[in-house]
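Contents: one structure, followed by commentary.
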């Protein structure tokens, strides 16, 4: 898999959060995919999510947020790693993991580094600005 193909796949996995498209997660990630989230996306404190937990987080996010869009600000790739710096905007229309619906639009930034194995993403490290995310919903 070329570096450009890896960068494109890393874009696609981030774009999953902004749309309700028909891309299947199995087209992007390995069966043993792991996502490391810092900070934790909810009050559970879990910062490492197995594939099924990550897919549930994605589903819960789509149920609570609409009009989501992600902008890739920059990408750097080396060997089997791709780092993407992004900005995300979404409107909360439903409850999300302990957070009541605010009806507000919020914008936050982050960096995701994806590790590739066998042509798919095997592991991701996500660092995101949870303070800005929550501030936009307040």
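Numbering (UniProt numbering), first residue to last: 1 to 138. Backbone N, C-alpha and C define an ideal beta-carbon position, used for all residues, glycine too.
Item: Quick one: what's got a C-beta closer than 6 Å to residue 65's C-beta in the same chain, skipping five residues either side?; Value: 90 and 92
Item: The alpha helix (DSSP H) spanning residue 59 covers which residue range?; Value: 51-64
Item: With contact counted as at least three CB pairs below 8 Å, one residue from each stretch, are the segment 68-83 and the segment 52-60 in contact?; Value: no
Item: Which value, in whole angstroms, describes the spacing of the CA atoms of residue 50 and residue 115?; Value: 15 Å
Item: Comparing C-alpha positions only, which one of 120, 127 and 134 sits nearest to residue 37?; Value: 127
Item: How many whole angstroms separate the CB atoms of residue 2 and residue 28, which I take to be in contact at a CB cut-off of 8 Å?; Value: Contact flag wrong, Cβ pair sits at about 16 Å.
Item: Tell me which residue opens and which closes the beta strand (DSSP E) that residue 136 is part of.; Value: Per DSSP, residue 136 belongs to no beta strand (DSSP E); it is in the alpha helix (DSSP H), 130-137.
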